[in-house]
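Visitor:
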Amino acid sequence: MRVRPLDLAAHGDLRFDARKAGALRRIVPLGMAEIVYAAADMPICLAKDEQTGKFDLVGLMGLVEPVSLFAFPEGFQATYMPRAARLSGFRLDGQSVSGLAIDRDDPAFGESGEALFEGQRPAPWLSNIALELKNLIADIERARELAAAYADRAVLRPLRIRLERRGAGEHEVEGLYTFDQDALGALDDKAVLAMHRADQLAPAAVMSASLAQVERLRQLHNARFTPVIESFALQVR
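Residue numbers (the working numbering): 6 to 242.
1. For Y85, which of helix, strand or coil comes out of DSSP?
2. Answer with buried or exposed for I32, where buried requires no fewer than 16 other C-beta atoms within 10 angstroms of its C-beta.
3. What are the boundary residues of the alpha helix (DSSP H) that R147 is part of?
4. Taking the C-alpha atoms as reference points, what is the distance between A225 and M47?
5. Tell me whether A238 sits in a helix, a strand or coil according to DSSP, three-state version.
6. Shortest alpha-carbon distance to A238 belongs to which of F81, V41, L68?
7. Which of the three DSSP states is assigned to E119 in this structure?
8. Alpha carbon to alpha carbon, how far is R170 from D12?
9. If you check the beta carbons only, do A173 and P232 fall under 8 Å apart?
10. If you run the structure through DSSP and keep just helix, strand and coil, what is G190?
11. For Q218, which residues in the same chain have their Cβ closer than 6 Å to its Cβ, ignoring the five residues on either side in sequence?
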């Protein structure tokens, strides 16, 4: 990863092609406001930060290969593109005149798309990117607070996705978490009411239902890669 502050000498000839953004992201973090939109296209799970032990909401965009199955040459083929995918090549940097740093290895940067500089100055549209990043970071933090509430209720369990590949045996996707429906059903009335008033039940239902989108990922995978995935199974431990 080559991340450095936006600079005319280093990035003056670069352009940003949003069609290629997020192409190498198999998993992306999601903000609180994105749950309903992302669920229309991809499974929404939780992932635990190994250093902090805290949970993040994430969208699963790939299964086997370390790429987004929604990324095609003509652009991102889904009804909703997570903000973390679209902004994956940018970082906030308070020392830069634009407030941004650039990951030069991100496929969105190259010879096509919008120019990063107009003359000697960063292009005006980059100021909107910095604002979007700040809003996304705040929204991801709200999602973390929601995930922490689920963890406190002890309703999260590890999720394993077992893929059966034609002639190549099994492949497992691990490191994800989802809801234990039995644990949710065992909550007492006081806990259920508290979660309802805190607007925690509806997101849990949406995320649980979104696991059906693994089938869509299977179809997208089989349209592009071999060996094909013949079947899959979701196991909540």
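No residue lacks a Cβ here, since even glycine has one placed at the ideal position from N, Cα and C.
Note that the structure is a prediction, hence the values are computed from the model and not measured.
Guide: Let me spell this out:
1. Reading the sequence shown from its first residue, position 80 is the one you call residue 85. Of the three classes helix, strand and coil, the one that applies to Y85 here is coil, per DSSP.
2. To locate residue 32, count along the sequence shown from 1; it is residue 27. By the 10 Å Cβ count, I32 comes out buried.
3. Here residue 147 corresponds to residue number 142 of the sequence shown, with the count starting at 1. Unbroken alpha helix (DSSP H) run through R147: 131–157.
4. Numbered from its first residue, the sequence shown carries residue 225 at position 220. Numbered from its first residue, the sequence shown carries residue 47 at position 42. According to the sequence displayed, residue 225 carries Leu and not Ala. Computed Cα separation, rounded: 11 Å.
5. On the sequence shown, position 233 is the one that residue 238 refers to. Strand at A238.
6. Position 233 of the sequence shown holds residue 238. Put simply, of F81, V41, L68 the residue whose alpha carbon is nearest the alpha carbon of A238 is L68.
7. Here residue 119 refers to the residue found at position 114 when the sequence shown is read from its first residue. In the three-state reduction of the DSSP assignment, E119 falls in the strand class, which pools E and B.
8. Residue numbering aside, residue 170 sits at position 165 when the sequence shown is read from its first letter. Residue numbering aside, residue 12 sits at position 7 when the sequence shown is read from its first letter. If you draw a straight line from the Cα of R170 to the Cα of D12, it comes to about 46 Å.
9. Here residue 173 corresponds to residue number 168 of the sequence shown, with the count starting at 1. Here residue 232 corresponds to residue number 227 of the sequence shown, with the count starting at 1. Yes. Within cutoff.
10. Counting from one through the sequence shown, the residue named residue 190 turns up at place 185. Here G190 sits in helix by DSSP.
11. Residue numbering aside, residue 218 sits at position 213 when the sequence shown is read from its first letter. Contacts found: M47, P48.
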